[in-house]
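Visitor: This is the structure I have questions about; it appears just below.
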Amino acid sequence: MSKVDIVEAPEDRLPKCPYCSKDLDQIWSKSEGLGLAGKERILMCPHCRAMLAYGAWRR
Ligand SMILES: [Zn+2]
8 MSKVDIVEAP
18 EDRLPKCPYC
28 SKDLDQIWSK
38 SEGLGLAGKE
48 RILMCPHCRA
58 MLAYGAWRR
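Start counting the sequence shown at 8; every next residue gets the next number (our numbering).
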């Protein structure tokens, strides 16, 4: 079995949207609701508005 090393990405490499394949030099985040425990947040692609991630972030 081969193994994969997980390393820090170089700073000049941008993540790519899996839906429209454009470089993500920025990612939109949309907050849903206000709570003391944290916010639900949606991350989306600014080019095609695809939802990239969804979850609750604690602050
Ligand atoms: Zn996209």
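Even for Gly, the Cβ is constructed at its ideal location relative to N, Cα and C.
The model shown is predicted, which means the values in this text are computed figures rather than measured ones.
(1) Among all the DSSP beta bridges, which residues are the ones paired with glutamate 15?
(2) So the beta strand (DSSP E) serine 36 belongs to, where does it begin and stop?
(3) Between alanine 57 and tyrosine 26, what straight-line distance do the alpha-carbon atoms span, to the nearest angstrom?
(4) Taking 7 Å as the cut-off, does the CB of lysine 37 come closer than this to any heavy atom belonging to ligand 1?
(5) How many angstroms separate the CA atom of glutamate 47 from the CA atom of tyrosine 61?
Guide: Taking the definition as stated:
(1) Under DSSP, glutamate 15 shares a beta bridge with no residue.
(2) Looking at the DSSP string, the run of the beta strand (DSSP E) that includes serine 36 is 35-39.
(3) Their backbone Cα atoms lie some 7 Å apart in a straight line.
(4) No, the Cβ of lysine 37 stays beyond 7 Å of every heavy atom of ligand 1.
(5) Cα-Cα distance, rounded: 7 Å.
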